[in-house]
Amino acid sequence: MTLGNTLTEAPATAGTSRSSRSSRPARPGGPAARAARRRAALNWVAVHALAIAAALFFLLPFVFVFLTSVMSDQQALTTDYWPTSWNWGNYGKVWDTPGFLTWWRNTLLYAALGTLLTVVSSLPVAYALAKFRFRGRNLALMAVIAMMMLPPQVTVIPMYLFWAKQMGMSGSLWPLIIPMAFGDAFSIFLLRQFLMTIPREYIEAARMDGCGDLRTLLRVVLPMAKPAIAAVALFQFFYCWNDYFGPQIYASNNHGAWTLSYGLESFKAAHHTNWNLTMAATLLVMAPVIVLFFFAQKAFIEGVTLTGVKG
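Structure follows, in structure tokens:
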């Protein structure tokens, strides 16, 4: 009996020991651990290689523009990629071009006033659509969304007839700046999406403390909506800075009202054989936008991300 029990228990003990050995984690220096480390290294290399390739895809055009902008007039017409001499004076020639400083000033005025008016006029509308309960609120929101889908080419003719023929503002940028004081559909929708994420308890607490709607907006909602406001402001600033269609319609007959985007086309036509000067002018036009986005990218990304949290 004892011998039989011993023989019966022996295979079970052996199976238990084998299963316990198989369930043990792989040794740090074992084949399984080395294979796992190899897979992790290959994944790291693949992900970073794709990231570097994507970065080069977007960065190399800027590098090409910069290298061409510091070449001499003769070398800019060749197939060379690296300048033999660094001609930093090309930027000075572009800056001293008659009218370039005026284009810069007009663009800055257009972008700054347009951004300010868009934010100031769009925030109260977005606040009302997000936090007020009134009859027709959903209909008003649908109208805002419909305005977002309306192409600007549809309204350009009646707008031009009104501002240029009726108001006599042709040859200036005011027909582009003044309408921004009445709100922008995309800015209203973006701000509304962010304001929906602000808990209603904050607004109700402010009203219990005696704050009116305007004071609640300025003291409670405005500080909490800074990321969304920054995103809307950057979107509008970039749009105004790069706008070519609007100045072409209203300011083409007045050289003193040209912006950088429209003046750059004229500069390119006048220096079509001087690619170094054209590239230098292009960099001077892009530089403020690149610098502004570099310093404000955190607030911009945060605002764009948070606007999609709640519909």
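Basically the working numbering = 1-based index in the sequence shown + 3. The C-beta atom is built at its ideal place from N, Cα and C for all residues, glycine as well. Bear in mind the structure is a predicted one, so any value in this text is a computation, not a measurement.
Original post:
Which whole-angstrom value describes the C-beta separation of Gly-174 and Asn-256, a residue pair presumed to lie in contact below a C-beta threshold of 8 Å?
Top reply: So it is a contact: roughly 5 Å between Cβ atoms.
**OP:** Measure the alpha-carbon distance for Glu-204 versus Trp-47 and round it to whole angstroms.
**Re:** Straight-line measurement puts the Cα of Trp-47 at about 45 Å from the Cα of Glu-204.
Subject >> Cβ-Cβ distance between Ala-209 and Thr-219 below 9 Å >> reply: The criterion of a C-beta distance shorter than 9 Å is satisfied by Ala-209 and Thr-219.
Original post:
Whose CA, out of Met-199, Leu-111, Thr-87, Ala-131, lies closest to the CA of Trp-261?
Top reply: Comparing Cα positions, the closest option is Leu-111.
Original post:
Is it right to say Tyr-113 is buried, meaning 16 or more other beta carbons lie within 10 angstroms of its own, or is it exposed?
Top reply: By the Cβ-count criterion, Tyr-113 is buried, with 16 or more other Cβ atoms from all chains shown falling within 10 Å of its own Cβ.
Original post:
Can you name, in chain order, every residue of its own chain whose Cβ lies under 7 Å from the Cβ of Phe-67, other than the five neighbours on each side?
Top reply: Leaving aside the five residues that flank Phe-67 on each side, none in its chain has a CB nearer than 7 Å to its CB.
Subject >> Phe-238 vs Phe-270 beta-carbon contact at 9 Å >> reply: Contact: no.
Original post:
Using DSSP with H/G/I as helix, E/B as strand and the rest coil, what is Asp-83?
Top reply: Note: Asp-83 maps to coil in three-state DSSP.
Subject >> First through last residue of the alpha helix (DSSP H) which encompasses Tyr-253 >> reply: It spans 248-253 - the alpha helix (DSSP H) in which Tyr-253 sits, taken as one unbroken run.
Original post:
Just the Cα atoms here: how many angstroms apart are Leu-217 and Ala-184?
Top reply: Their backbone Cα atoms lie some 18 Å apart in a straight line.
Subject >> Pairwise C-alpha distance: Ala-38 and Ala-49 >> reply: Going by the C-alpha atoms only, they are around 16 Å apart.
Original post:
Do the region 190-198 and the region 142-151 touch if we need at least three Cβ pairs shorter than 8 Å?
Top reply: Yes, the region 190-198 touches the region 142-151.
**OP:** For Gly-215, name the three-state secondary structure that DSSP assigns.
**Re:** If DSSP states are grouped into helix, strand and coil, Gly-215 belongs with coil.
**OP:** Output the distance between the C-alpha atoms of Thr-82 and Asn-90, rounded to the nearest integer angstrom.
**Re:** The straight-line gap separating the alpha-carbon atoms of Thr-82 and Asn-90 is approximately 17 Å.
Original post:
Is Leu-132 closer than 9 Å to Ala-143 when the C-beta atoms are compared?
Top reply: Remark: C-beta atoms of Ala-143 and Leu-132 approach each other more closely than 9 Å.
Subject >> Residue from Arg-40, Leu-70, Phe-248 whose Cα sits closest to the Cα of Thr-281 >> reply: Out of Arg-40, Leu-70, Phe-248, Leu-70 has the C-alpha closest to the C-alpha of Thr-281.
**OP:** Find out if the Cβ-Cβ distance for the pair Thr-319, Ala-284 is shorter than 9 Å.
**Re:** Examination of residue 319 is not possible in this model, given that the chain is present from 4 through 314 alone.
Original post:
Does the beta-carbon distance from Val-223 to Leu-198 come in below 9 Å?
Top reply: Between Val-223 and Leu-198, the CB-CB gap reaches or exceeds 9 Å.
Original post:
Leu-176 by DSSP, collapsed to three states: which one?
Top reply: Reduced to three states, the DSSP call for Leu-176 is coil.
**OP:** Compute the minimum distance between the beta carbon of His-51 and the heavy atoms of the ligand GDP, and state whether it is under 8 Å.
**Re:** Absent from the structure shown: the ligand GDP. Ligands present: none.
**OP:** Report the option in Pro-155, Trp-278, Ile-252 whose CA atom is closest to the CA atom of Ser-75.
**Re:** Ranking the options by Cα distance to Ser-75, first place goes to Trp-278.
**OP:** Identify whether His-275 lies in helix, strand or coil by the three-state DSSP scheme.
**Re:** His-275: coil per DSSP, three-state reduction.
**OP:** Indicate whether Val-292 and Phe-248 have their beta-carbon atoms separated by less than 9 Å.
**Re:** No, the Cβ-Cβ distance between Val-292 and Phe-248 is not below 9 Å.
Subject >> Proximity winner among Arg-40, Ala-79, Lys-168, Tyr-253, relative to His-275 (alpha-carbon distances) >> reply: Looking from the CA of His-275, the closest CA among Arg-40, Ala-79, Lys-168, Tyr-253 belongs to Ala-79.
Original post:
To the nearest angstrom, how far is it from the Cα of Phe-61 to the Cα of Ala-54?
Top reply: A direct Cα-Cα distance of roughly 11 Å separates Phe-61 from Ala-54.
Original post:
Among the residues of its own chain, which have a CB less than 6 Å from the CB of Cys-243, if the five just before and after it don't count?
Top reply: Excluding residues up to 5 positions away in sequence, Tyr-113, Ala-114, Gly-117 lie with their Cβ nearer than 6 Å to the Cβ of Cys-243 in the same chain.
Original post:
For Leu-263, is the classification buried or exposed, using 16 other Cβ atoms within 10 angstroms of its Cβ as the cut-off for buried?
Top reply: When all chains shown are included, Leu-263 counts as buried.
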